[in-house]
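S.K.: Numbering (our numbering), first residue to last: 151 to 978. Quick reminder that beta carbons are idealized off the backbone N, C-alpha and C, glycines included. These numbers were taken from a predicted model, which means no experiment stands behind them.
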């Protein structure tokens, strides 16, 4: 206890020295970055756990692209279950000359069986819980639909052949699809109004669902009873399935954000190690004096550990509080992607924050503190005596162990752990080498500049390793922010600019065979070119080479989903200009042999399908077998109708089908689409421009969230800078004192410091701009297939930001060395 009391009494004095303050700030940043992500994922995870049934709006849900018979509903009522039905499909909603594509959710009485809907009486009003559904002839539209149509409640809109009154604003529904699909503008209507709209024709893209709710035992028994008799295209989901799917998605997102925070943790760890080393060096004289007075090694170490632990606890408290505030900010950034009524977080993120601080201190501060125990008492008389440095095994082993624990805690995946730790070590060596190279380039220029710059560049050269670490630490954070802002915007703008100005901007789907001529005539009368109508046949793949799809093994979950879900098939005599054969051959003209199919190459690889394989499809209850004749590469961004599966024409011609087409509609010709949908309400129009704008909004929100996380990285880089300056303050004071004793003016010495840190900022800015340009170039050529050009704004902004932030921060951190009177320094 004496050692603890001694450490506490000396804490204020040692804190004012600066090293413990820098160590504490580094811990605060690390804890804040970890706890912010922890709070966010914890709140979302709790919402999923508490409201898993809301995801389905029921305890059990049967859904299918084909109509579901009433026998299950009747059986459920006999078993004492509550029931409801829904129909979901996309269609256009009209008001005057404006229209918007919306996700229609037609529901029956009793919906939702679990959870609640909330509606508001008008825009910008707070939603309240409702226990009913819209009356006949009424719609509840969400804010997005109302905003795009420029209307509010009380207005009338057209849906198919019917006119409806907007009676409420839909603010929340329980079974909103997670992810991008759930962001589509939506409406709720009474299912009894569907027939009069004329929206549902043969082959329409509709999702039929039957909902069931009851006690856990009732639901489980009913699920076992009906599952064997479900149609092949039907899907049975319970609340456990829904919870697992959402939990997996949240886990993946959480791991991604955690990986982003790891960079902050690594830089904070560097700052902690530098501060702890400086702290132990400053305590050497105190340790020697205590040991000369009879204090045992344990007393020396315990007194120092008391201070470190207390700083760690305080930093954890502050960092956790900042993390909670950052989580609230992240939630606001992601508004529209996340629901707003998330539960209060648990204490788990708090434990994560404190655990992170403990691991960082143990791995990066403890080796330096333990060194104090070996301080020789004779140092009181001979200042040149110093304890031996901690062994390499202790220093690097502790750091590597801490890094491994932190990464595994974030990703919970051994393979990913190996990749990240190995990649971090390799990247660290490479980045340090680049930093040394930039420092070397700066050092060579000191003979060509004035006195102040010569002094500043000489300081950089003398502290080459520390200077390189500072360049990399700050440059890394700045690089990521440049990538997420300028480079991201340039890439998206460049991609959109490459789209053909005459490329289609609208899709028409659900065109019935007997509607083709009429649709073509309406488009022609509106001054639009007659497009090509592409047939679309709904089917489900059931077998590959005689083995059921469900019984095959797949390399990925995506492959299993591709093979098992409903498929859109088409047929064509010629290969589309936007497709390219990569394996096998396309069939000759007028081919009339056994059915052949061409499969998109990436889908084929995911599903484990190759040329020569035999695929079996079920189409409206009839099996069709076809041989894979070729694999195709598809240019999906052509905005032409493209398909995973293309058949020989005679194979599918006689099956039930609808048609799809794409066309370019100038703004002054959009009236033709209005006339078309009014004449053929079952035809759905998909506005590609609106979808691209929505994708852009989602990307912007997600990128802004990641940017927010990487602000911790930038802050950690600055802390590394302060730690490095703190480590050299005594040396800088002595240099300043000597220079001023030999006649140098205070302003000259100060200008030298400014030049030193401005040069470091210049190197960090070059590092950041170079890294951002490389990442941008790889993304442009490999992901977007664009010709990447260096952006001078990127370089100017990167260099200017580096010079200003590092220059100002460095001067503020080191100004004490210049302001200290030379006499005091030389007499010390």
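(1) Who does residue 270 pair with in a DSSP beta bridge?
(2) Enumerate, from N- to C-terminal direction, the unbroken alpha helix (DSSP H) stretches of 4 or more residues contained entirely within the segment 554-624.
(3) With C-beta atoms as the reference, is residue 586 less than 8 Å away from residue 618?
(4) By Cβ distance, which residues of its chain are closer than 6 Å to residue 614, with the 5 residues on each side in sequence left out?
(5) Is the beta carbon of residue 264 sitting closer than 8 Å to the one on residue 321?
(6) Can you tell me the Cβ-Cβ gap for residue 344 and residue 253, rounded? I've got them flagged as a contact below 8 Å.
(7) My assumption, with CB atoms under 8 Å, is that residue 910 sits in contact with residue 621. Please give the rounded CB distance.
(8) Straight-line CA distance for residue 330 to residue 920?
(9) Helix, strand or coil: how does DSSP classify residue 283 here?
(10) Please classify residue 408 as buried or exposed, where buried requires at least 16 other C-beta atoms within 10 Å of its C-beta.
(11) With DSSP as the reference, identify every bridge partner of residue 339, one or two as the case may be.
(12) Which class does residue 655 belong to by DSSP, given the choice of helix, strand or coil?
(13) Which value, in whole angstroms, describes the spacing of the CA atoms of residue 305 and residue 272?
(14) How would you write the range of the beta strand (DSSP E) that residue 360 sits in, first residue to last?
(15) To the nearest whole angstrom, what separates the beta carbons of residue 301 and residue 316, a pair I think is in contact under 8 Å?
(16) Residue 716 bridges to which residues according to DSSP?
(17) Looking only at its chain, what residues have a beta carbon closer than 6 Å to the beta carbon of residue 693, apart from the 5 residues adjacent to it on each side?
(18) Residue range of the alpha helix (DSSP H) that residue 672 falls in?
(19) Does DSSP put residue 245 in a helix, in a strand, or in coil?
(20) Whole angstroms are fine: how far does the CA of residue 501 sit from the CA of residue 495?
(21) What does the alpha-carbon distance come out to for the pair residue 975 and residue 889?
(22) On the three-state DSSP scale, how would you describe residue 793?
(23) Assign residue 721 to one of two classes, buried (16 or more other C-beta atoms within 10 Å of its C-beta) or exposed (fewer than that).
(24) Could you pull out every residue in the same chain whose Cβ sits closer than 8 Å to the Cβ of residue 677, ignoring the five residues on either side in sequence?
(25) Find out if the Cβ-Cβ distance for the pair residue 293, residue 258 is shorter than 8 Å.
(26) Specify, as a first and last residue, the run of the beta strand (DSSP E) that residue 115 falls within.
(27) Tell me whether the beta-carbon of residue 629 lies closer than 8 Å to the beta-carbon of residue 917.
(28) Could you tell me how far apart the beta carbons of residue 626 and residue 867 are, in whole angstroms, since I believe they sit closer than 8 Å?
(29) How big is the Cα-Cα spacing for residue 215 and residue 266?
(30) For residue 759, which three-state DSSP category applies?
(31) In terms of alpha-carbon separation, which member of 755, 704, 179 lies closest to residue 474?
(32) Can you confirm whether the segment 356-367 touches the segment 203-210 when touching is taken to mean that 3 or more C-beta pairs between the two stretches lie within less than 8 Å?
(33) With DSSP collapsed to three states, give me the class of residue 439.
(34) Within its chain, find whatever has a CB closer than 7 Å to the CB of residue 318; leave out the 5 residues flanking it on each side and keep chain order.
(35) Check residue 324 in the structure and name its three-state DSSP category.
(36) With a threshold of 6 Å on Cβ separation, who are the neighbours of residue 218 within its own chain once the five nearest residues in sequence on each side are excluded?
M.R.: Let me lay it out:
(1) 319
(2) 564-594, 601-612
(3) yes
(4) 589
(5) Judged by their CB atoms, residue 264 and residue 321 are not nearer to each other than the 8 Å cut-off.
(6) Contact flag wrong, Cβ pair sits at about 14 Å.
(7) 6 Å
(8) Any answer about residue 330 is weak, because its pLDDT of 41 lies below 50 and its placement is not dependable; what the coordinates show is given next. Between residue 330 and residue 920, the C-alpha separation is close to 33 Å.
(9) coil
(10) buried
(11) 256, 289
(12) coil
(13) 11 Å
(14) Element bounds for residue 360: 357-363.
(15) 7 Å
(16) 690, per the DSSP bridge assignment.
(17) 766
(18) Start and end: 666-675.
(19) strand
(20) 12 Å
(21) 12 Å
(22) In this structure, residue 793 counts as coil in the three-state DSSP scheme.
(23) buried
(24) Taken in chain order, the residues that qualify are 819, 822.
(25) By the CB criterion at 8 Å, residue 293 and residue 258 fall outside the cutoff.
(26) This structure cannot speak to residue 115, because the chain is shown only from 151 to 978.
(27) yes
(28) 7 Å
(29) 25 Å
(30) coil
(31) 179
(32) With a cut-off of 8 Å, the segment 356-367 and the segment 203-210 count as touching, because enough Cβ pairs lie within range.
(33) helix
(34) 269, 270, 271, 290, 303
(35) coil
(36) 358, 360
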